[in-house]
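Here the structure comes first, spelled out in structure tokens, and everything after it is commentary.
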Amino acid sequence: MGGASGKAVFKFLAYMFAGLGLLGVFLPLLPTTPFILLAAFFASKGSPEFASWLENHRTFGPAIENWRERRAVPVRGKVLACVMLGISWSILFLSGASTALLAGLGLFFIGLAVFLISRPSY
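Per the numbering used here, the very first residue in the sequence shown carries number 19; after that it's consecutive.
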């Protein structure tokens, strides 16, 4: 994606993911860190000012730096993410979701958990 329209799309995505990350601070089933990492990625393409703000933020900055330099995830983040994946799947199970949905999301959640656990920790 190039030009002004591509930059505008990246900027929009950066702010959208930052907003979702901010919601994740207050909503326990919504993660914060993955959305902030996505916001940082898209901001680097569409809004250098916003990217700089995220990178220098006292809370978000270290997570972004550790991900970019070492592809590392905090231990607390790994535990919280895995617990939330389990809770989310359990809620779907208890609410009577279809077997196909449970199987598909179960495989996706397991893959996501394995990916997270296999990343370096800090």
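Think of the CB as a built atom: it goes at the ideal place given N, C-alpha and C, for glycine as much as any other residue.
- Put simply, of S139, C100 and I135 the residue whose alpha carbon is nearest the alpha carbon of G124 is C100.
- Inter-residue distance for P66 and G104 is about 36 Å (C-alpha atoms, whole angstroms).
- By the neighbour-count criterion, in which a residue is buried when 16 or more other Cβ atoms sit within 10 angstroms of its Cβ, V93 is exposed.
- One thing to note: F68 has its Cβ within 7 Å of the Cβ of A32.
- Residue nearest to A131 within the set S108, A115, M102 and L112 is M102 (criterion: CA-CA distance).
- Residue environment analysis places L112 among the exposed positions, since fewer than 16 neighbouring C-beta atoms fall within 10 angstroms of its C-beta.
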